[in-house]
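See below for the structure under consideration.
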Amino acid sequence: MASAAKSLFQTLRRCIKKPWEYTGPVAHPEYQHSIPKATEYRVYCPSTVPGKAIVPNSLPETVYDIKYFSRDQRRNRPPIKHTFLKKADVERMKKEKTFDLTEFPQPYLTATVIEDENAIGGGYQNLRLEILDVGDREYQCFCIEAYDTSMWLMKTPVVNTPGLCGHNFPDRLSPLISYALAAKFVLNALPALH
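Using the working numbering, you'd call the opening residue of the sequence shown number 127 and step up by one each time.
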């Protein structure tokens, strides 16, 4: 009887503890403390690399291959061959090259153009000298009379006079002069107009 009571008391004593003896999971033998020890705290510095660095070198089997795109096949292509031509090669190719009429496209004609052989001036251009009175000064300006096949008269000033560009000047000298005389007048008038 005494032994049974003693064993019951030991059991209750093992289960029922004092409030300050309740330590929780820390008392378990497999409990790991959250705070590491001083010897376990930061074994490697953040800037320390545990692995050995791979140093690039010139050997093809040991080159550090950097691929920004995994499907980039430009490194696998053969090298591009360039051909540099010299002047002698170009001249020889020009002599050997011939053209055939079949290589050019056939023109598509929609109408037949008949040139007017009786155009004024024969279809050529004639120079005409015009004297312009602006204030108390006289300006010499050569105009080109171009008669095309449509019989339209175009007057274009060769020497641009300040303030009068783009205007149709009045005729002061009606006779046409020859090309040689016109060229002589142009050479003499240009330095004076500047």
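In this text, a Cβ means the ideal position worked out from N, Cα and C, and glycines have one as well.
With a beta-carbon spacing of about 13 Å, Tyr170 and Pro162 fall beyond the 8 Å limit used to define contacts.
Distance from the CA atom of Ala164 to the CA atom of Thr149, rounded to whole angstroms, is 24 Å. Note on geometry: alpha-carbon atoms of Arg203 and Phe195 lie some 15 Å from one another. Under the three-state reduction of DSSP, Asp226 is assigned to coil, being neither helix nor strand. Just so you know, the alpha carbons of Phe135 and Lys143 end up roughly 12 Å apart. For Thr228 and Ala214, the gap between their C-alpha atoms comes out near 29 Å. Tyr157 and Lys132 have their C-alpha atoms spaced approximately 32 Å apart. Residue range Ala128 to Cys141 is occupied by the alpha helix (DSSP H) that includes Arg140.
Straight across, the Cα-Cα distance linking Tyr167 with Thr174 is about 15 Å. One alpha carbon belongs to Thr137, the other to Lys178, and they sit about 60 Å apart.
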